[in-house]
Structures are given as C-alpha cells and as structure tokens.
Amino acid sequence: MHAPDTDLLEIRAGPRALAHLRERGVAPADIRAIPAAAGGPKGLALIPLDRRLAREWMPAMPRVELAGASIGAWRMAALAQPDAVAALDRLKRAYVHDQNYRRKPSASEVSATIRAVARQVLAGGALPTRPGVSLDVLTSRARGPLAGRRGRGAFARAALTNAVARTRLAHHLERVVFHAGAPSTLAQHHDAFGLTRVAIDPANVEDALTASGSIPIVSDPVADIAGAPTGDYWDGGLVDYHLLLPHSRLDGVVLYPHFVPHVTPGWLDKFLPWRKRPRAHPWLANVLLVAPSRAFLERLPNRKLPDRNDFYRYGLDHAARIRDWDRAIAECERFADAAMAWLARPDPSLVRPL
1283 MHAPDTDLLE IRAGPRALAH LRERGVAPAD IRAIPAAAGG PKGLALIPLD
1333 RRLAREWMPA MPRVELAGAS IGAWRMAALA QPDAVAALDR LKRAYVHDQN
1383 YRRKPSASEV SATIRAVARQ VLAGGALPTR PGVSLDVLTS RARGPLAGRR
1433 GRGAFARAAL TNAVARTRLA HHLERVVFHA GAPSTLAQHH DAFGLTRVAI
1483 DPANVEDALT ASGSIPIVSD PVADIAGAPT GDYWDGGLVD YHLLLPHSRL
1533 DGVVLYPHFV PHVTPGWLDK FLPWRKRPRA HPWLANVLLV APSRAFLERL
1583 PNRKLPDRND FYRYGLDHAA RIRDWDRAIA ECERFADAAM AWLARPDPSL
1633 VRPL
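This is the structure in structure tokens:
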C-alpha cells in the first residue's frame, strides 16, 4: 500500500489509544466502537470513509458498537446493515439530491423531507444488523420546562440554562437511545441527562431515525414514539452533539471518523468557547480520531465542508448546491484513502493529543 497522504489528515488520540498505537498499531479486531457526530451536511464528508470501513474493516471486527445522533445516526444505521455500502449510497443520494426546499419552508415540510431521508436509509421499514454489531440511535426527549413547548422562547431559555451549566440543560432534555443488534455498553446512566433505552422494531425505527435529525424551530419534533416514553423527541445532537460518551469503558480502541479535530459535548456548547473543545476528558482516553485537515478543506468548493448554511447560500439554485456537494463528497474519497492508508501503517509521530 502506498504511503498515506498525511497532509490531508488531522489525527488525535487519547492516552490509551496512543499507547495502543505505539505498542502494536491498530487492526480491525482492535476496534470496539465507531461514534458518529451530529452536524448536518458536514457528515457527508465521512460517507466515503464509511464505505471503505464497511468493505475492508468491518468484516474483520468480531464485535463493534455503532452510535450516532442526527446525520451520524443515519450513517451508523446504514453502516450497521448487512449491505452497508448500498445503504450509505441511498443516504447520500437522498440527503444531497432530495432536500430541495423553497425559500422559506415550513417546519412540517422540513420534517417530511427528513423522514423521507430516514426512510431511504431503511429501504424497507426494517433495520437488520450484521452479526456482532450493535446500533444506538440517540435522541433528545423534551421534559420539564420544554415539555410540550416548541417555540423559540422555550429553546432560548434552555440555551441560557445550558450556558450556566451543561447539567442544567438536563431539566429540559433527557437522552433516549433506540437500540438494535448486539448488546452495547451504552446501557447505564452516566450523566445528568439519564439514559432510557428502547428496542428498535418495525413500529418505531422510522420515527427514531427521523427524531434523531429533527432540529428545533427548523422542523417539528416526532411525538410519542412507539415503545418509548410519551413526549416530543428532538435531534440527538442537542444532548450528544459529538458523542462525548463513556466509551472508555470499552477494552479496545474507539475509532472516530470526524469532521473536526475536537469533541463538543452538546449542540448548544458549540457557541460557548470554554466548552467547545474539552481537552483530555477521561472518556476520550481510548479514542482515535481522524478528521480532514485544513489543507484538505482548502481544496473543497467554498473551501469548506458542506454545511446547513448552504441551504441559504445557494437559495433556490438547487442544482448548484447539489453540484458542489457532490464535488465535495467525491473529493473526500481522497481523505478516505489517506485515512485508510494511515490506519494500515500508523505513524504515532503524527498524532496530537485529544
């Protein structure tokens, strides 16, 4: 295999993951979990790497935990399936080509489109998982002052509460995880947001995936999901934006394909500089994070990954947005190649602390 094009990569690791790399490199059988962040269209950049992992690494993983929120949940729901590449291709096609909104779409219109994307991931209304794979779809259930309230004022109050302390946001939102496949370690409470687990079945799988990507104000919530506590279910990224979860409980390496080289706890935390980039968190000890470098991003249309602001940037010129998003994803094949080449022959000298 050719030498990795390392200028395309940002590689970060916790101390346990770095020690593992130095002692024995990394192999598919070492990977115990793959998290997938919320982040809207930015997650499209990782689909080429997801495809490579599905084809080349996951068949050699005897057990692996997949967990995601929002587009991350959709990516992991695709990756968990026996024909993951086909599911990822359906996700890419639907997300890029089918989100053609009018200038000011209603929340219900956006919700219908989000549901259609989730439905494409499923392609049949079920969610089979390959042997040894567990899937956790993260959602945020409204409670307390936010229960039954969907307007800007209610969410503004929640944001102010979060700015005081992340734990206080738990008065407004709780974590509900929809699970399929093999058992996972994401089974017990680990913070103030709690953890209610619900088994995925044909009656709730579409709702769970739709809820995980339902952004407040922009779309409607999904209400009263079958088998889950009653209430409004919102984007999983509100509580778990970049999935700062207790993966350190696992005995191997957590491989984290990401679109930025840091892990922000909740979506609202990205607006708080003191909470946006936590360093040396104990839950990141065994995480190996691989992200596109700034040099790589400079090669993309608009010199950045696709993002939600592109819906405003391009307005009604859907063809231009689709063209540039397709170009960006195609360019991300080079990022995927570089990441896989580095994983095959990892150089610990290129790793920075996470």
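1283 is the number of the first residue of the sequence shown in my numbering; add one for each residue after it. Beta carbons are placed, not taken as given, at the ideal position from N, Cα and C, and that holds for glycine.
{"Query": "Helix, strand or coil at Glu1580 [DSSP, three-state]", "Result": "coil"}
{"Query": "Length-filtered (4 minimum) alpha helix (DSSP H) runs lying within the segment 1322-1351", "Result": "1329-1334"}
{"Query": "DSSP three-state assignment for Val1308, whether helix, strand or coil", "Result": "coil"}
{"Query": "Contact check, Ala1366 vs Ala1320, beta carbons under 7 Å", "Result": "no"}
{"Query": "Residue nearest to Val1308 in terms of C-alpha spacing, selected from Arg1337, Met1343, Ala1610 and Arg1585", "Result": "Met1343"}
{"Query": "CA nearest to the CA of Tyr1515, picked from Arg1425, Arg1595 and His1600", "Result": "Arg1425"}
{"Query": "Three-state secondary structure (DSSP) of Val1504", "Result": "strand"}
{"Query": "Cβ shell of Asn1382 (< 7 Å), same chain only, five flanking positions each side left out", "Result": "His1600"}
{"Query": "Spatial neighbours of Pro1547 in its chain, beta-carbon cut-off 8 Å, leaving aside the 5 residues before and after", "Result": "Arg1448, Asp1522, Tyr1523, His1524, Leu1526, Arg1557 and Pro1560"}
{"Query": "Contact belief for Ser1496 with Asp1502 at Cβ below 8 Å, rounded distance in angstroms", "Result": "7 Å"}
{"Query": "When Asn1568, Leu1570 and Asp1606 are compared against Lys1586, the one with the closest alpha-carbon", "Result": "Asp1606"}
{"Query": "Best match in Ala1360, Ala1398 and Ala1369 for proximity to Val1419 [C-alpha to C-alpha]", "Result": "Ala1360"}
{"Query": "Sheet register partners of Phe1460 (DSSP bridge)", "Result": "Val1419 and Val1480"}
{"Query": "Whole-angstrom distance between Ala1315 and Arg1357, CA atom to CA atom", "Result": "14 Å"}
{"Query": "Residue of Gly1509, Phe1553 and Thr1411 minimising C-alpha distance to Val1446", "Result": "Phe1553"}
{"Query": "Inter-residue CB distance, Ala1464 and Asn1486 (contact presumed, cutoff 8 Å)", "Result": "That belief does not hold up - the Cβ atoms of Ala1464 and Asn1486 are roughly 19 Å apart, past 8 Å."}
{"Query": "Which listed residue (Asp1332, Pro1498, Asp1533 and Ile1604) has its alpha carbon closest to that of His1302", "Result": "Asp1533"}
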